[in-house]
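The next block holds one structure in the form of structure tokens; read it before the comments.
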Amino acid sequence: MTTHQTHLLTVENVDKHFDISGGFLDQLAFKGGVHLEKTTVKAVNNVSLFVNKGETLSVVGESGCGKSTLARVILGLYRPNAGKVFYDGQRIDHLSHEQWLPYRRKMQMIFQDPYASLNPRKTVRQTLEEPLRFHNPKMTAQEAVDKVAYVMEQVGVDPGWIGRYPHEFSGGQRQRISIARGLILDPDFIVADEPVSALDVSIQAQILNLLMDLREKHDLTYLFITHDLSVVRHISSRVAVLYLGTVCELASANDLFESPRHPYTRALLSAIPKVGEKKAKHIKLKGEVPTPVNLPSGCVFHGRCVYARDRCRKEFPPLNELPNGSFVSCHGVEEGWDLN
Amino acid sequence: MKTKFQQFKASYFLYSFRRDMVAMASFAVLVIFLVIAFAAPWISPMNPYDSANIDIMNSEIPPMWMDGGSVEFPLGTDNQGRDMLSTMFYGLRTSIIIGLGAVAIQAAIGIVLGLMAGYLGGKTDAILMRLADIQFSFPYLMVAIFMSAIFQVVFGAGSFEQMAIPLLTIIIGLSNWPMFARTIRASVMGEKNKEYVEAARVIGLPQRIIMFRHILPNALTSVMVISTIQVANAVMSEAALSFLGLGMPVTKPSLGSLIRSGQEYFFSGSWWITVLPGLWLVLFVLVINLLGDWLRDVLNPKLYKG
Amino acid sequence: MSHLLEVRDLEVKFALRSGDITAIDGASFTLDPGERMGLVGESGAGKSVTGFAIINLISKPGFISRGSIHFEGNEISAYSPARMRRIRGNRISMIFQDPMMTLNPVYTIGFQMIETLQAHRNISKAQARAIALDKLQKVYIPSPEKRLSQYPHELSGGMRQRIIIAISLLADPAIIIADEPTTALDVTIQAEIMDLLQELCENEKMGLILITHDLGVVSQVTEKIAVMYAGKIIEYGPTETVVHHPVHPYTIGLIGSIPGTIEPGKDLKQIPGMMPTLTNIPPGCAFNPRCELAAEICTQKTPVLEEKQNGIMAACHMK
Chain R
2 MTTHQTHLLT VENVDKHFDI SGGFLDQLAF KGGVHLEKTT VKAVNNVSLF VNKGETLSVV
62 GESGCGKSTL ARVILGLYRP NAGKVFYDGQ RIDHLSHEQW LPYRRKMQMI FQDPYASLNP
122 RKTVRQTLEE PLRFHNPKMT AQEAVDKVAY VMEQVGVDPG WIGRYPHEFS GGQRQRISIA
182 RGLILDPDFI VADEPVSALD VSIQAQILNL LMDLREKHDL TYLFITHDLS VVRHISSRVA
242 VLYLGTVCEL ASANDLFESP RHPYTRALLS AIPKVGEKKA KHIKLKGEVP TPVNLPSGCV
302 FHGRCVYARD RCRKEFPPLN ELPNGSFVSC HGVEEGWDLN
Chain B
4 MKTKFQQFKA SYFLYSFRRD MVAMASFAVL VIFLVIAFAA PWISPMNPYD SANIDIMNSE
64 IPPMWMDGGS VEFPLGTDNQ GRDMLSTMFY GLRTSIIIGL GAVAIQAAIG IVLGLMAGYL
124 GGKTDAILMR LADIQFSFPY LMVAIFMSAI FQVVFGAGSF EQMAIPLLTI IIGLSNWPMF
184 ARTIRASVMG EKNKEYVEAA RVIGLPQRII MFRHILPNAL TSVMVISTIQ VANAVMSEAA
244 LSFLGLGMPV TKPSLGSLIR SGQEYFFSGS WWITVLPGLW LVLFVLVINL LGDWLRDVLN
304 PKLYKG
Chain U
3 MSHLLEVRDL EVKFALRSGD ITAIDGASFT LDPGERMGLV GESGAGKSVT GFAIINLISK
63 PGFISRGSIH FEGNEISAYS PARMRRIRGN RISMIFQDPM MTLNPVYTIG FQMIETLQAH
123 RNISKAQARA IALDKLQKVY IPSPEKRLSQ YPHELSGGMR QRIIIAISLL ADPAIIIADE
183 PTTALDVTIQ AEIMDLLQEL CENEKMGLIL ITHDLGVVSQ VTEKIAVMYA GKIIEYGPTE
243 TVVHHPVHPY TIGLIGSIPG TIEPGKDLKQ IPGMMPTLTN IPPGCAFNPR CELAAEICTQ
303 KTPVLEEKQN GIMAACHMK
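Read top to bottom, the protein sequences are chains R, B and U. Each residue of the first sequence is one higher than the one before, starting from 2 at the first, in our numbering. Each residue of the second sequence is one higher than the one before, starting from 4 at the first, in our numbering. Each residue of the third sequence is one higher than the one before, starting from 3 at the first, in our numbering.
Here is the structure:
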């Protein structure tokens, strides 16, 4: 996994922890003498993955698994505490604001909430022209307007509405405008953070189709963050399953859905309600998701895993490659325990 | 597309204004006040700042409806023989100029510091907000007294009279910025985690542009509300300072110095020198506060019902 | 002869500045003991309002303008607020999407459960506590004794939703109305909660009205389904049949737009446009601007819900 030259994006052993201990007074603890106590949320822990050019890698997991944080680390909105991020062979995680600028044109983001991701005080035109003008100071006003109109057409919003404010649009149309903003700089790589989960089903289908069309037309590579597994199956080439900030399984979409290996992936897949299927057998997990403040020792999943043995409680399982090219982080899979 | 005016006509803002009698009445009174203040040189019967117009023989004439009153001085005269009505018009003008100017200064300082504290967070936030706390823990009058004392020492009491209006504006402006800073900071903290701000960062826009062009316009609603209330407060502060003798000189009276100058004659029967400007001030501050209250109700999204 | 709950021709209006708008337009359905019904639709279709209308909890400016709600042999739509309170939370319970809407953060779980019980029944504290424990066990909460002394914020989202279900069971209701009960939860937790609701309905002979936008959930849990569009029920029938052989073009489109119903990578079937807002419903069939089958009659005459095939009722001129 270290041959980051061949991949468009490589994430290597990234950690991202947040200090939530607050001010000096909040940190004071009186247990066993007076001392300062730090509280950190360990949102992303030792995550490694790569994205090939032209593919869609989905990162799935339940709320609080660190998938959104990972997206923001990749785009340089957060600086990782450890590890490296490479884009097109170049290390980018430690760059300054100015050094980042050339990558901003190539890497863009689409957001979850169409009601929060557009500035309510800016017209569509202002929202879409701003990145263009900022990155192309020499562009003429006419060129900018033409480009904006072209992209609006691409995402299916009438360019005649260029002077409108976001509140004059429906959720689905806003999401289209948000996608247009992501596309306007002609990026190669787009991180989509739950782009359809705030939308109604019929609108969701429109947006998913649009995203897939755009991928074809503009040769895009997607990193798709979502919790919705049926969406994942539909659009991705490969899938990374995250649990408590750790990758449990990284496999092609087909392999993952046909023969999931990690016990967590299996439980997750069995829980998807499928239309037209009467009550499937859900794999029941024991216990509850631990908080990312107190990570369990060893395998982060051991507390909920019915197959957990002593080794799982003590030793963190590495992400091992299987013969079919999947990566799984599980002692059981590695040692060939009976996991059925 | 609708024009701005059509949009305004159809807006909830105008709708709720037209349904609220208090707001409409306050607004009408406020407009009258503003017209009087700015047209004072043309509508006043005399110019009270011009000593050539003043005759000491006319001092302490009661209002026209009382014994000894005269039609020439409808609200009577003060101890120096100035027409009360004209003096109140001019005083209101001075008070309003100082009030608006002071709020402009407060807002400028408060918005910039509040925006920085809220957006940058961390140490910047801690330092700026502790600064605001410290300023808040002094009574603002004390700060103002302190500063005007320094100004008087530096520039001399004589030139202080010349520069009284700008100085008072600055003094009151500097002593009240934390109100703005805190309000802005709170709304910036709410805005800065929204996705449109992240989108601006992903585009690569510099912090300065994100703060002033993206976040600030969305945080300005709260500024509108406190601005109105702060104008009333600034006018009150000016009156209080002048009443204490630290504000406008007696030769160019504001409402506060007028109230002060009449206070000595209050018990000798010339009550109108104090009471009339006092009522004038109360009415002015009251309508601003009523309007501010209404504005807060309308602009508060939690109370908003379409 | 009679059903546990029979809603007939229910109409709910909202009085707005610009005039009345119709949020629910003539909804009719029935529910029997132990039966589970899904009320499906996109946001703004009127499914939540229907739920609130049943227990007469429509807040102003909304009001029930027509129709009848028959429950356990009584017409309850005209009940006084005081009489309605004896039914609400007692005979008919409601579960919301956000558990914190129901739980008071400053009291312990035990206090809230015991208080609820004592408000409805004349029993001692010890008896109430025993019942509370029994209900907590029914919803499979681990170490129920301990939970009674905990505060809502000490529990996870899934656990809170279980507590809410336990509270709604306290008075042994005949019907539970669950409004998007798992939308805020993760899939693994959602599966557990849905299993739980289904089991409770079977064991206790309780009726369930499941309000949700998720057809997958509905098809696993319910026996019949009502699809709402722009304030109307446009398709109504047994879940199995509706999901596999939908009649109304909207339902067909809705099922086609769910990823997972078709081959990965292929375009999803999409319904063009979007649902009209309630202030702006087109004349005739509300779905006609988005419908590929639409003919002239669809823009002129509003279709009524009528028996079509396989026991499905649908409101469509073209089928």
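Glycine included, C-beta positions come from ideal geometry on N, C-alpha and C. All of these numbers come straight from a predicted model, not from anything done at the bench.
Where residue i sits in the DSSP three-state scheme
i        : result
B/TYR18  : helix
U/THR185 : coil
B/TYR93  : helix
R/VAL290 : coil
U/MET3   : Bear in mind that the predicted position of U/MET3 carries a pLDDT of just 48, short of 50, making it unreliable; the figure below should be weighed with that in mind. Three-state DSSP puts U/MET3 in coil, outside helix and strand.
U/PRO240 : strand
B/ASP53  : coil
U/GLY40  : strand
U/MET161 : helix
B/SER140 : helix
B/LYS195 : helix
R/TYR151 : helix
B/SER47  : coil
R/LYS68  : helix
U/PHE289 : coil
R/LYS131 : Before going on, a small fix: residue 131 of chain R reads as Glu here, not Lys. Correct three-state label for R/GLU131: helix.
B/MET214 : helix
U/ALA316 : strand
R/GLY84  : strand
R/GLU278 : coil
C-beta atoms of residue i and residue j nearer than 7 Å
i        : j        : result
U/ALA25  : U/VAL14  : yes
B/LYS187 : B/GLY117 : According to the sequence displayed, residue 187 of chain B carries Ile and not Lys. It is a contact, given that the beta carbons lie within the stated cut-off.
U/ILE179 : U/ILE211 : yes
R/VAL240 : R/VAL248 : no
R/LEU50  : R/VAL86  : no
R/THR227 : R/GLU195 : yes
B/VAL115 : B/GLN233 : no
R/GLY173 : R/LEU200 : yes
U/PRO248 : R/HIS235 : no
U/THR263 : R/VAL276 : yes
R/PRO115 : R/SER179 : yes
U/ILE227 : U/VAL219 : no
B/ILE39  : B/PHE92  : yes
B/PRO51  : B/THR90  : yes
B/PRO220 : R/ARG122 : yes
U/CYS203 : U/GLY91  : no
U/SER323 : U/SER82  : An answer regarding residue 323 of chain U cannot be provided, because it is not within the stretch 3 to 321 covered by chain U.
Where residue i meets chain U, residues with beta-carbon distance less than 8 Å
i        : result
R/ALA150 : Neighbours of R/ALA150 on chain U: none; closest Cβ ~22 Å, over 8 Å.
7 Å Cβ cut-off: residues of chain R touching residue i
i        : result
B/TYR199 : ALA117, SER118, LEU119, ASN120
B/LEU208 : PHE135
U/MET276 : SER171, GLY173, ILE204
B/PRO220 : ARG122
Chain-ordered neighbours of residue i on chain B, where CB pairs are closer than 8 Å
i        : result
R/SER110 : Note on residue identity: the sequence assigns Met, not Ser, to residue 110 of chain R. Correct list: GLU201, ALA202, VAL205.
R/ARG105 : VAL205, ILE206, GLY207
Chain-ordered neighbours of residue i on chain B, where CB pairs are closer than 7 Å
i        : result
R/PRO132 : ILE206
R/ARG182 : ALA202
R/LEU102 : GLY207
Residues that residue i contacts on chain R, provided the C-beta gap is smaller than 9 Å
i        : result
U/THR281 : None at all; the shortest Cβ gap to chain R is about 14 Å.
Residue ranges of each alpha helix (DSSP H) within the segment 194-250 of chain R, 4 or longer
Listed in chain order, the complete alpha helix (DSSP H) runs (minimum 4 residues) inside the segment 194-250 of chain R are 202-219, 230-236.
On the three-pair Cβ rule with 8 Å, is the segment 203-216 of chain B touching the segment 95-105 of chain R?
In short, these stretches touch, since the Cβ pair count reaches three.
Cβ contact check for the segment 270-284 of chain U and the segment 202-218 of chain U: 3 or more pairs under 8 Å
The segment 270-284 of chain U, when compared against the segment 202-218 of chain U, does not touch it at the 8 Å Cβ threshold.
Check whether the segment 95-103 of chain U touches the segment 160-178 of chain U, counting contact only when three or more Cβ pairs, one atom from each stretch, lie closer than 8 Å.
Below 8 Å, enough C-beta pairs join the segment 95-103 of chain U and the segment 160-178 of chain U to call them touching: three or more.
Stretch-stretch touch, CB-based, cutoff 8 Å, three pairs: the segment 183-202 of chain B with the segment 219-229 of chain B
The segment 183-202 of chain B vs the segment 219-229 of chain B: in contact.
Can you list the beta strand (DSSP E) stretches of 3 or more residues lying completely in the segment 40-114 of chain U, in chain order?
Runs of the beta strand (DSSP E) inside the segment 40-114 of chain U: 64-73, 94-97.
So does the segment 234-252 of chain U actually touch the segment 204-214 of chain R, counting three or more Cβ pairs closer than 8 Å?
No: fewer than three Cβ pairs fall under 8 Å.
Whether or not the segment 286-297 of chain U and the segment 261-278 of chain R are in contact is what I'm after, with contact meaning three or more pairs of Cβ atoms, one per stretch, closer than 8 Å; do they touch?
Contact between the segment 261-278 of chain R and the segment 286-297 of chain U is absent, because fewer than three Cβ pairs lie under 8 Å.
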